[in-house]
Amino acid sequence: MSQPLIAVEKVSKSFGGVRANSAVSITVEEGKITGLIGPNGSGKTTLFNSIVGYHPIDSGSIKFEGREISKLLVPQIARLGLLRTFQQTRIYAEMDCVQNMLISVPHRNATLTDMFRAYPAELQDEAEHLLEFVGLYQKRHLISGDLSFGQQKLLEFAMALMNKPKVLLLDEPTAGINPTLINGLIDRLKRANQEFGITLFVIEHNMRVVMNLAENIYCLAHGELLAEGHPEEIQNDQRVIDAYLGAH
Ligand SMILES: Nc1ncnc2c1ncn2[C@@H]1O[C@H](COP(=O)(O)OP(=O)(O)OP(=O)(O)O)[C@@H](O)[C@H]1O
Ligand SMILES: [Mg+2]
């Protein structure tokens, strides 16, 4: 088998007395959609934060394309093509959608002094094209703080695509999205994977979504890896069922 795009090996991370991740090992295969599930507080976001360099890990190894990245910082890892979105969206509320798109690619920015007029027309076109891709074209000149929460998440997804990542880590992309719009979002995530060739690693609480999207799913519970498998295996895994039932 070819080398995985991301290889997390025995990663542990504690916050004071809380062991958020305990010797977690997972792999993300290039070109695929991998899912990450687990009850609230099971350590999913912590694992994402460790992978993208948001905080140092206590022990273990994280490799991207075979290279150790666990000592690198967020911008260094982003430059390698590994990006994430947040559980709570991070957009510039006072700017419109197109401006948010342009500001999300600082390394492709022509000059800093004349920020908006300095962007080349091709970047503007790309921004509009991606806003159309996520269904926000009609809203492109609206101040993004005035978008609904679901629309802000779509904008954040488009902003991530603007960076042409090799792999995108999505933290609960459908949370807060109207159920009638979720199928459209699943379709866009699949298209980003298939048409743009972006490997996706997706945290998701909505079981229908993750079972539909991911080829391989990992389940965390209490910071430890509980199970791994194809959707049908995970769905029928008694340990996974118990972890979710036990969480309520
Ligand atoms: N910066 C931090 N400081 C202290 N504790 C933290 C920090 N980040 C996470 N934790 C703790 O680590 C544990 C795992 O949290 P994490 O956010 O990774 O869970 P999660 O699986 O993403 O949960 P959810 O599904 O609710 O988003 C929790 O007990 C949480 O309180
Ligand atoms: Mg989380």
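Counting with the UniProt record's numbering, you get residues 1 to 248 for the letters of the sequence shown.
Yeah, the Cβ is synthetic: ideal placement off N, Cα and C, and Gly gets one too.
Since we're looking at a predicted model, the values are computed, not measured.
Own chain, CB closer than 7 Å to residue i, minus 5 neighbours either side, in chain order
i, result
"Leu185", "Pro173, Thr174 and Ile177"
"Ala20", "Lys13, Ser14, Gly43, Thr46 and Gly223"
"Gly17", "none"
Any non-hydrogen atom of ligand 1 within 6 Å of residue i CB
i, result
"Val18", "yes"
"Ser42", "yes"
"Phe201", "no"
"Phe149", "no"
"Phe133", "no"
"Phe86", "no"
"Phe196", "no"
"Phe157", "no"
"Phe15", "yes"
Residue i to residue j span [Cα, whole Å]
i, j, result
"Gly223", "His141", "42 Å"
"Gly229", "Thr34", "10 Å"
"Ala221", "Asp237", "13 Å"
"Ser104", "Asn163", "7 Å"
"Glu9", "Tyr137", "41 Å"
"Asn49", "Gly60", "14 Å"
"Leu200", "Val167", "6 Å"
"Ile198", "Asp187", "14 Å"
"Glu156", "Ala192", "14 Å"
"Asp242", "Tyr119", "52 Å"
Cβ pair residue i, residue j closer than 7 Å
i, j, result
"Ala7", "Lys71", "no"
"Ile77", "Lys13", "no"
"Leu225", "Val11", "no"
"Ala127", "Met159", "no"
"Glu30", "Leu47", "no"
"Gly81", "Pro179", "no"
"Arg84", "Leu169", "yes"
Closer than 6 Å: residue i CB and nearest ligand 2 heavy atom
i, result
"Thr45", "yes"
One or two residues paired with residue i in a DSSP bridge
i, result
"Glu228", "Tyr218"
"Lys13", "Asn21"
"Gly35", "Val202 and Ile217"
Sequence-distant residues of the same chain with beta carbon closer than 8 Å to residue i, five excluded per side
i, result
"Ile37", "Lys44, Ile203, Glu204, His205, Met207, Val210, Ile217, Tyr218, Cys219, Leu220, Ile234 and Val240"
"Lys190", "Ile33 and Leu213"
"Gly124", "Note on residue identity: the sequence assigns Gln, not Gly, to residue 124. If we look at Gln124 and ignore the five residues flanking it on each side, its Cβ neighbours are Val98 and Leu102."
"Val74", "Val52, Gly53 and Tyr54"
Contacting residues, own chain, Cβ-Cβ under 6 Å from residue i (five flanking each side not counted)
i, result
"Ile69", "Ile62 and Ile77"
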